[in-house]
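Q:
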Amino acid sequence: MNSNFIADLTDKTAIITGGAGLIGRVYASALLQSGSNVIILDKRINKIKLTELIKKENNGASINSENLKLIECDITNPQEIKRIFKKMKPYLSNLKILINNASLVKQVKNSSDLVSAYKPFLKMNPNDWEEYLSVDITGSLLTIQQVIPYMKKNNGGAIVNISSTYGILSPDQRLYAYFNKKLSKKEKKLGTTIEKPIGYSISKSGVLNMTRFLATKFADDNIRVNTLTLGGVYADNP
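Quick note on numbering: the sequence shown equals residues 266 to 503 in the numbering used here.
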């Protein structure tokens, strides 16, 4: 991915949730190139590996503990996110940017993982879709609650919520038929099939109206709230 980005964001602080992933790293690199101080929040972070990946994306540009901070945080946990923001307070004096990039992505290493992550709708239980809402909606709202007071104090800011084309249009399940070939003989015999989960579409659709609500709510505070709606991004995962 190309993270070349031209803007002067010198000394402005940006927070990226889910910043340890493929797309989050690109956002981080673009912001660093523009002079921002970047704080990445993610549930699990391999700090050495992530720093090296961002350096590579950033064409080897200087990255240090002053302009890049990597912090583990479960944004779906209200107590934890309050604790983390209290810990980060010394770094938020010029907080101007939040990218709500965190989203539930289930890693698939084997056939069993595939069945669990891409379960057909009729075989789902409530937790199967609620876990998507927990990250994309609840996690984003909890993070926004924490950043708004700083942005008001700093005379404005920009919040970018990440949605998907699947939040606007229904996924074409035929695209996922290929993965049925990867199922074990036992699973095929049981009639197991693979689908893009409904929870993903519902949560990404919710992001759109969450953005509209917050954009009108905080417009008078000079806080812009927008959605970036992405299409497919290649990764070694369905």
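Even for Gly, the Cβ is constructed at its ideal location relative to N, Cα and C.
Taking DSSP's pairing of strands, which residues face residue 419 in a bridge?
A: Bridge partners of residue 419: none, in fact.
Q: So residue 338 packs on residue 328, CB below 8 angstroms; how close in whole Å?
A: With a Cβ gap of about 20 angstroms, residue 338 and residue 328 do not count as contacting.
Q: Applying the 10 Å Cβ sphere with the 16-neighbour rule, what's the burial state of residue 301?
A: Result: buried.
Q: Answer with yes or no whether the minimum CB distance from residue 309 to chain C is below 9 angstroms.
A: Structure shown: chain C not included; a single protein chain is present.
Q: Here's the rule I'm using: 16 or more other beta-carbon atoms within 10 Å means buried, otherwise exposed. How should residue 214 be labelled?
A: Limits of the chain in this structure are 266 at one end and 503 at the other, which puts residue 214 out of reach.
Q: Measuring straight from C-alpha to C-alpha, what distance separates residue 432 and residue 395?
A: Cα to Cα, the separation comes out at about 16 angstroms.
Q: Could you work out which residue in 426, 297, 391, 448 is closest to residue 283 when comparing CA atoms only?
A: Checking every option, the nearest Cα to that of residue 283 belongs to 426.
Q: With residue 468 and residue 397 assumed to form a contact (beta carbons below 8 angstroms), what rounded beta-carbon distance in angstroms separates them?
A: Indeed they touch by this definition, with Cβ atoms about 4 angstroms apart.
Q: I'd like the span of the beta strand (DSSP E) that includes residue 474, first residue to last.
A: No beta strand (DSSP E) contains residue 474, which is instead part of the alpha helix (DSSP H) from 463–482.
Q: Pick helix, strand or coil for residue 503, following the three-state DSSP scheme.
A: Per-residue confidence for residue 503 stands at a pLDDT of 44, beneath the threshold of 50, marking its modelled position as unreliable; the derived number appears in the next sentence. Looking at residue 503 - three-state DSSP - the assignment turns out to be coil, as it is neither helix nor strand.
Q: Between residue 275 and residue 478, what straight-line distance do the alpha-carbon atoms span, to the nearest angstrom?
A: Roughly 30 angstroms between the two C-alpha positions.
Q: For residue 424 and residue 445, which I take to be in contact (beta-carbon distance under 8 angstroms), what is that distance rounded to the nearest angstrom?
A: That pair is no contact at about 39 angstroms.
Q: Looking only at its chain, what residues have a beta carbon closer than 7 angstroms to the beta carbon of residue 429, apart from the 5 residues adjacent to it on each side?
A: For residue 429, where only same-chain residues beyond five positions count, the Cβ hits under 7 angstroms are 469, 494, 495.
Q: Could you pull out every unbroken beta strand (DSSP E) segment of at least 3 residues lying fully inside the stretch 306–363, listed in chain order?
A: Complete beta strand (DSSP E) runs here, min 3: 333–337.
Q: Taking the alpha-carbon positions, what's the residue 498 to residue 298 distance?
A: Rounded to whole angstroms, residue 498 to residue 298 spans 22 angstroms at the Cα level.
Q: Residue 343 to residue 315, Cα distance in whole Å?
A: Spanning the two alpha carbons is a distance of roughly 26 angstroms.
Q: Keeping to the same chain, check which residues put their C-beta closer than 8 angstroms to that of residue 463; ignore five residues upstream and five downstream.
A: Once the five neighbours on either side are set aside, the close Cβ partners of residue 463 are 386, 389, 394.
Q: CA-CA distance, residue 412 and residue 358?
A: Straight-line Cα distance between these residues: approximately 11 angstroms.
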